[in-house]
Each structure stands twice: as C-alpha cells, then as structure tokens.
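In the working numbering, the protein residues as written are 1 to 519.
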Amino acid sequence: MNIRRRGRAAALIGVVVWLATVAAQDVLPTVGRRTASPASAPGIDRGLRAGSFLRAARPAAGSRARGAARARYVPGSLIVKFRASATPAARAALLGVVDGRATARIANAPFDLVTLEAGADPEAAAQRLSAQPDVEYAQARYLVRPMAFRPNDPLYSLQWNYPLLDMERAWDINPGASSSVTVAVLDTGMAYTNIAFDYTQNTPQAIEISENQTVVFPALGTVHLASAAAPDLVTAGRIVAPFDFIWGDNSPVDMDGHGTHVAGTIGQLTNNSVGVAGMAFNVKLMPVKVLANFWDDYFLSPFVGTDDTVALGIRYAADNGAKVLNMSIGREGPPAPVVRDAIAYAISKGAFIAIAGGNDFLDGNPVPQFAAYSTEFEGVVSVGAVGRDRQRAVYSGTGSWLELMAPGGDVTRNGVPGMILQQTYDFDFTDTFLNGAVGFHAPRFDVFEYIYYEGTSMATAHVSGLAALLYQQGITKPAAIEAAMKRSATDLGTTGRDNEFGSGLINPRAALRGLGIFR
Ligand SMILES: [Ca+2]
Ligand SMILES: [Ca+2]
Ligand SMILES: [Ca+2]
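As structure tokens, then:
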C-alpha cells in the first residue's frame, strides 16, 4: 500500500498548495493514465457557487446600460465657431437663427458659447447654425465621461479586487496586455483543454487528507475521466506549450482546481459577457504542472511535486518563451538551491517571477520557500495578501523577504464576499474524497463554477497580471518590472518599506504611467 502525505489545505480556501513531503518516492507506476480520447465534451458552467456561498442575487452594477437615462449634453447652450470673416454684426444676426440670447467668447479659444432660449433643442439649433455660411461648425455641448474600462462580465461587480487596484483606469492605459505576452502558471495544472484519460487504480490507497488523518480509499479500477477547458478562460490560441512535470507528458490537466483559479485572476476572458474578469486578459497562458494533489496521488503520478519538479517547471517556462512566471506555490523548511538556480536562470532569460508569500502567519509565520529568494533577485517579487479593507490578511506571512501586496481576500474580516472570485471546478464533482471512503467515486473535471478562494496565491496572480501589462507596455526587463511596481506601490502600515506590507499595495495605473522613468 502506498502512503502519501498531502499538504492540501481546506478545499474551499485556495491557500498556497504546499509541496507534499513524500514518505518514499515510488518508482514509475505501471498503471496510471493513458489517453483515451483526444477530446471530451465542452465544460459545463454551473455559474456562481450556490449554497453557503454568496449568490448572485444583486444585479451587477456594470450590467446597467451606461448613460442610458442620462443627459447627453448641457441644455440651453451651444458651441459655435464663426468663420474669421464673420463680422460682429453677422454674428449677432446669426443668434436670431437659433433664438440665441448671447454669445460668450472663451479666452484663448477659437469658439464661442451660445446661450439658447430655455427649452430649445441644442442639436437642432446646431444643425441650423452649421448651415450658415459664416459658421465653420456648431455643436451641442456634449458631456464627456471618464472612459474607464468597466468589463461587462456579469459577476464583475463581485470582484472588489479590481476596483481596489483602480484597474478600470489602469486598463484605460493598457487594456489587458496582448497575445504577444505569455504568462506561465506553475501550479496544479490548468483546465485548459477538452481531453479524456483512462486512469487505473486496482489497489486501495492510503492517503493523508489532512494533518494526522489518513484514509484508505477503495480501488476504483479503470475510470474514464473527462477534463474540459474552463469556459471563461480558454479560447482559440490562448494556450501555449502546456507541460506536465507530475505525469511527465504534455497534458497538464488540473485535477484540483487551484491552478485554474489562479490562471483566472491572471487572464480570465474579460468583457465577454460571461462570468468574471482577469487582470491581463489578452495574454497567452502556459500551463506548467509542478504540483500533485489528491487525484494525482491516488492514481500514482510518477512525480508528486517537489523542489525538482518546480525547478524543471521554471526552466521549461523560461525556455519556451514565458516572460512572466506565476508561482502561487511554496513550502516551509530548508532552502531549495535547485529552485534558486532555476530562478536565476529564468531571470537571465528575461522572465519576471511572482511568488506567493505564504499563508501561515497564524501558524508560526515560517519563512516561505521560495518567496524567501525574492530579495536576492531583482525581477523576482514575493507577494503578500490584503483584504478588501487594505489590511493585511490574517494569514499573510510577514518578514524581511516580503516585497509587495495585492488582493488575496480575508474571509475572517470581510466574509466570503471578501475573498477572490474566479471560475474553477465545482468541487462537488472533484472532491469526492471529502467524506473519506464513504461515497468515494470518480471525479469529473468538466464541471465549473465561480467560487471564492483566498490566499497569497490569489494575490500573486494580480502581480503576474500587472507584470504582463508592464511587459506589453514596453518594460521588458525583469528588474525594471520589479522597480516599476515597487516605486509606484501605495505605502501601507508604517511609513516606508516594512515587514508587514513590503513596499505596499501594487498600484497598476501608477506603474503603467511611470513609463519612461523605468523603461
Ligand atoms: Ca469573463
Ligand atoms: Ca525582488
Ligand atoms: Ca509601509
């Protein structure tokens, strides 16, 4: 019997997936998975998580028709530019054409403002004046509004994390980066394609599902597991160079949901009238699976997620053109020189790396690997989490290694709506092991929902998204990206850099506007 310890935290709360410690590394299994069919049916989108989680009862503020019932122009007034040849007498005569009462010349402006009789239609009056030979143009005084990009995604109003970062005005400067930028997501995989595998397990498996709790799960035999692309994440051309360092092939199917949730915050399809929004919604995504979770363990994946798989993933991503690497992963314990080496390599290849700062503040606040390396490298940033009140999330680790903050959510202070909403698997269909051996059955990886997670994992995804925006804007050196983020960050806590908030909360708009200084 094969006993594996798992570092998985509560399924509902997408805390950092700590690397599992392996009791004994197994030889490559003769069972495992094999491709059953290249494609399965498209994913099923079950919408916002129901039950104990917040329902989408309120209409999304962003779905209201913008400006529908609002005045389009200032009543009773017009803008007119008279031709230079028009005499004062001619100008006065023209007022009569529109029942105008007076004109006012604006200092240093080549046009006049004409006051109309109350109730006059400025558009009709403008049309009449424009037809006059002494008038170059006439128009109503149309109201101008901020062009802040507000995504039409129906659940956007539940994503407090983007307004907290002033993303609507940041997207005005750079709307979601572009497909020229690839972000690698080193995680539990990603729901990136429609594919099915046969998995075989003929032996009961003893698996530690939480600390000091090991359950013997019955053998499922050979099962046909359908996986699907997350409907609000994947579109044609979105995915590049997927690879799986847990199964040793190029099918990094997410068998957990964490990686898919993280990928959503980085690049969820946005303004597509579906679901939620993401930070850098035009980037390409590279799923790189470096972590195993329950189902990988149960079906005896050849690798389980250790420092070496992480190192391989980092090198692979850098070698295959990813310019931003998201590492919402970590562990506590001794340093990982093999990962440090890989980080240095990735930077030398021009890749920026964001690493989760760890969720164990309340559990002794250990130094998180691999975030601890961030202060050694310009171009690697460690990320802590704030809630919607900008306070440090209670779980978010602190220390001299901490560099920047981003929204990660805090259920303890702000409730479930204070967590980070994204699309990933409906865990009712994946976590059939939650009740132990009772009711244990094969999972489905093709049923999706919008669900709240919290953690420095979620915070890290925002930093990766901002890195992609900066890269596309022309700040391409990893060190320059880090410098731009730090110099533009909003200081929190005690004045200046501190161990609780690092350099502060990322400020995407300010970072994007800092071009030229940091380029
Ligand atoms: Ca969407
Ligand atoms: Ca750094
Ligand atoms: Ca501070």
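Heads up, the beta-carbon is just placed ideally off N, CA and C, and yes, glycines get one too.
Check	Outcome
Between the beta-carbon of D426 and the beta-carbon of E449, is there less than 7 Å?	yes
Excluding five sequence neighbours on each side, which residues of the same chain lie with their C-beta closer than 6 Å to the C-beta of D45?	P231, F448
Could you check which residue in Y453, G439, I106 has the C-alpha nearest to that of G259?	Y453
Quick check on the DSSP output: the alpha helix (DSSP H) that includes H261 runs from which residue to which?	258-267
Within the continuous beta strand (DSSP E) that includes G313, where are the two ends?	First-last for G313: 307-319, but that is the alpha helix (DSSP H), not the beta strand (DSSP E).
Name the DSSP bridge partner or partners of V304?	None, per the DSSP bridge assignment.
Could you tell me the distance, in whole angstroms, from the CA atom of I13 to the CA atom of S180?	Reliability fails at I13, whose pLDDT of 37 lies under 50, so the model's placement of it is uncertain and no value is given.
Give me the Cα-Cα distance between G67 and D134, rounded to the nearest whole angstrom.	Low confidence applies here, because G67 scores a pLDDT of 31, under 50, leaving its location unreliable and the question unanswered by this model.
Reducing DSSP to helix, strand and coil, say where Q391 ends up.	coil
Tell me the DSSP secondary structure of V22 in three-state form.	With a pLDDT of 30 at V22, under the threshold of 50, the modelled position of that residue is not reliable, and the figure given next carries that caveat. Coil, per DSSP.
Kindly examine ligand 2 and report whether one of its heavy atoms sits closer than 6 Å to the Cβ of F377.	yes
Could you have a look at N161 and say whether DSSP puts it in helix, strand or coil?	helix
Residues bridged to Q423 by DSSP?	Y450
Please classify D187: is it buried, with 16 or more other beta-carbons within 10 angstroms of its beta-carbon, or exposed?	buried
Using a Cβ-Cβ cutoff of less than 8 Å, which residues in the same chain neighbour N507 once the five nearest sequence positions on both sides are dropped?	L165, D166, S488, A489, T490
Please tell me whether, using a cut-off of 6 Å, the distance from the CB of T494 to the nearest non-hydrogen atom of ligand 3 is below it.	yes
Determine whether the beta carbon atoms of A191 and G465 lie at a separation below 7 Å.	no
Under three-state DSSP, which class holds Q369?	strand
With 16 other CB atoms within 10 Å as the buried threshold, where does S328 fall?	buried
Are the CB atoms of A356 and T456 nearer to each other than 7 Å?	yes
When the distance is taken between beta carbons, is P151 closer than 7 Å to A344?	no
Alpha carbon to alpha carbon, how far is S157 from I451? Give it in angstroms, no decimals.	14 Å
Return the CA-CA distance between Y471 and D319, expressed in angstroms with no decimal places.	17 Å
Do A219 and T203 come within 7 Å of each other at the CB atom, strictly closer than that value?	yes
Could you name the residues, in chain order, whose CB is less than 5 Å away from a heavy atom belonging to ligand 1?	D153, D232, L269, N272, V274, G275
Return the Cβ separation of V185 and P287 in integer angstroms, given the expectation that the two are a contact with Cβ distance under 8 Å.	6 Å
Output yes or no for whether 7 Å exceeds the beta carbon distance between I353 and F303.	no
Answer with buried or exposed for L143, where buried requires no fewer than 16 other C-beta atoms within 10 angstroms of its C-beta.	exposed
Would the segment 398-412 and the segment 427-436 be scored as touching if the rule is three or more Cβ pairs under 8 Å?	no
Would you report the Cα separation of E211 and R169, rounded to the nearest angstrom?	44 Å
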